[in-house]
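Have a look at the structure below before the remarks.
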Amino acid sequence: MKISIIGTGYVGLVTGVCLATRGHQVICVDKQEDIVKRINEAQPTIYEPGLDELLEGAVSKRNLLATTSLMDAVKCTEVTIVAVGTPYSEGKIDLSQIKQSVREIGDILKNKDKYHVVCIKSTVVPTTTDTVVKNILEEASGKKAGRFGLAMNPEFLREGKAVEDFMNPDRIVIGAYDKKSFNTVKRIYKDQFKAPIIRVNLRTAEMIKYASNGLLAALISYSNEVASICEETGGIDVKEVLEGVTLDKRFSPRVGDLLINPEMTTYLMAGCGFGGSCFPKDVKALVSFADNRGYSAEMLKSILKINETQPLRLVSRLETAVGGLQGKKVAVLGVAFKPDTDDVRESPALIIIKELLNKMATVVVVDPIAVENADKVIPANASSLCYSSDYKYALQDADAAILATSWPEFSAIPAQEFVMLMKNPVLVDGRRVYDKQAMEAAEVEYIGVGLAEFLP
Ligand code: UDX
């Protein structure tokens with residue numbers, strides 16, 4: 001099929017490259033000439049494992065090309081996927097890029113006789129596609145929806161695993177204005193991807209995306225809340241608790257003698273909170289969307305509240321352990337919102353760093369690839385904050401260390417190294433990656449999230 005995609009950011013480029021790899025003819029559209037040039041030279045404009053190889057293959061087979069001309073792209077394709085950004089600001093998602101894109105598409109559709117489907121992939125709150133998008137398209141094209149197709153096809157891509165997730169989807173959700181729109185978008189996926197295809201209406205598709213991220217965020221905040229109760233009680237390890245909970249057959253079914261261990265049981269772990277470009281933004285957007293509809297989404301609000309306080313709890317435990325933070329040197333291990341990315345957006349590590357600085361600690365932050373981005377958000381200064389990519393430098397003479405991102409290189413630091421390098425080996429494990437017993441045997445004071453000494 002011939003498909004055009006507007007927006008060559010994270011979602012747009014991954015979608016374009018993956019669809020081209022599956023044999024579609026894809027045209028990526030971006031206003032910036034340098035981005036278009038780089039894509040046509042098979043150079044990815046974002047970092048995502050596996051993308052470079054697939055882009056190279058797609059460009060060399062001429063299955064993918066990039067252009068600045070939306071007109072050319074829409075005219076010679078059957079479907080246009082809109083994958084522009086919808087950043088969250090001032091209590092709502094910003095639809096300006098969506099509005100501009102669909103207005104431009106509508107203008108082009110005015111003079112296109114052949115049937116064309118506009119498919120929204122950007123994350124937008126329910127009702128956006130069947131009101132805002134539809135109205136703009138009808139107004140700009142001078143045609144009623146039905147003469148052109150309209151669909152909403154959300155993405156469920158994890159950063160760092162986006163290519164893998166796109167190529168092996170667990171479900172394909174197609175919200176469609178009518179049957180013809182659905183059948184057209186279905187042809188993109190049918191026979192190419194092995195996953196159930198769900199047909200729903202436009203606003204249901206939008207809601208499925210928010211409800212999915214909201215549920216995952218809820219499970220994380222719930223785990224963190226249980227962890228806090230374990231900490232306040234003592235003698236209970238949240239890791240064991242969650243293992244016990246997820247063995248419920250509704251999480252871990254048994255097929256014959258085989259116990260199925262779904263990814264959820266390893267994904268879910270108490271920690272220092274969720275970050276990234278999706279969970280925080282999507283939960284906040286759903287809260288304000290509900291508020292605007294006159295419904296106060298109390299549970300979603302609590303998810304966010306727990307997530308904000310979780311990193312602070314860890315700092316507070318650290319403070320108690322070292323007897324006050326003023327003038328103490330603290331090493332923060334990891335600033336990316338999760339491993340395998342240099343993305344620091346909404347990272348809980350940033351809250352930890354700010355809180356340590358508020359409490360007058362001297363902070364050394366170490367991360368294999370994210371320090372440059374972190375420095376843009378909280379700039380280094382000579383007196384209290386510096387960044388490094390060398391964990392030994394960070395741990396040297398430190399009064400305490402706090403692990404915020406479970407990078408494998410940090411998980412592999414042996415207990416002896418904490419003892420040798422640090423002035424005072426106090427270690428707060430914000431992701432539960434270390435072995436408590438091994439740490440204590442080496443005389444590291446170990447503080448794990450969701451774990452505290454037995455209190456009679
Ligand atoms: C997420 C969803 O997983 C994906 O389906 C959706 O389409 C986009 O949002 P992503 O943000 O890339 O993907 O990362 P994910 O691996 O889900 O982690 C998000 C955050 O939650 C990270 O900060 C991670 O450290 C944190 N997390 C995850 C926890 O704190 N505890 C957990 O148990 C799991």
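Note that the working numbering numbers the sequence shown so that position 453 is 453, with each residue one more than the last.
C-beta: ideal position from N, C-alpha, C; glycine also.
Taken through DSSP and simplified to helix, strand or coil, Gln310 comes out as helix. For Pro87, the CB contacts under 8 Å within the same chain, skipping 5 residues up- and downstream, are Ile93, Asp94, Lys281 in chain order.
Per DSSP, Cys230 is one residue of the alpha helix (DSSP H) stretching across 202-233.
Proximity of the segment 298-305 to the segment 368-376 falls short of the contact definition, fewer than three beta-carbon pairs being nearer than 8 Å. In this structure, Lys284 has its beta carbon at no less than 6 Å from each heavy atom of the ligand UDX. Taken atom to atom, the span from the alpha-carbon of Val363 to that of Lys328 is near 8 Å. Closest in C-alpha terms to Arg432, from the list Ala270, Val344, Met439, comes Ala270. Taking every protein chain shown into account, the CB of Ala438 has fewer than 16 other CB atoms within 10 angstroms, so this residue is exposed. In this structure, Ile81 keeps its C-beta atom at 7 Å or more from the C-beta atom of Ile174. Short note on Leu268: C-beta closer than 6 Å to some heavy atom of the ligand UDX. Exclusion of the five residues before and after Lys31 leaves Thr68 as the residues of its chain whose Cβ lies within less than 8 Å of its Cβ. Under the criterion of beta carbons closer than 8 Å, Val332 and Ile353 qualify as touching, at roughly 6 Å. Within the segment 298-361, the alpha helix (DSSP H) runs of at least 4 residues that lie entirely inside it are, in chain order, 298-322, 348-358. When C-alpha distances from Phe337 are compared across Ser288, Cys272, Lys392, the shortest belongs to Cys272. Straight through space, the alpha carbons of Asn153 and Thr45 are spaced by roughly 23 Å. With a cutoff of 6 Å, Cys18 does not count as near the ligand UDX, since its C-beta is closer than that to no heavy atom of the ligand.
Checking the DSSP bridge columns, you'll see Leu258 partnered with Val255. Measuring C-alpha to C-alpha distances from Ser384 to each of Gly276, Met360, Thr265 identifies Met360 as the nearest. Remark: C-beta atoms of Pro126 and Arg203 approach each other more closely than 7 Å. In this structure, Arg293 has its CB at a distance of at least 6 Å from all heavy atoms of the ligand UDX. For the set Leu51, Val315, Ala162, Ala58, the Cα lying nearest the Cα of Arg22 is the one of Ala58. For Gln100, the enclosing alpha helix (DSSP H) covers residues 96-110. Rounded to whole angstroms, the separation of the alpha carbons of Phe193 and Arg345 is 31 Å. Relative to the Cα of Ala162, the nearest Cα in the group Asp34, Met422, Asp52 belongs to Asp52.
Gln25: member of the beta strand (DSSP E) spanning 25-29, first to last residue. Take Ala400, set aside five residues on each side of it, and the residues of its chain with a beta-carbon closer than 6 Å to its own are Leu318, Val322, Val330, Val426, in chain order. By the CB criterion at 7 Å, Lys436 and Gly448 fall inside the cutoff. Look at the beta carbons and you see the segment 118-138 touching the segment 96-104: at least three pairs across the two are nearer than 8 Å.
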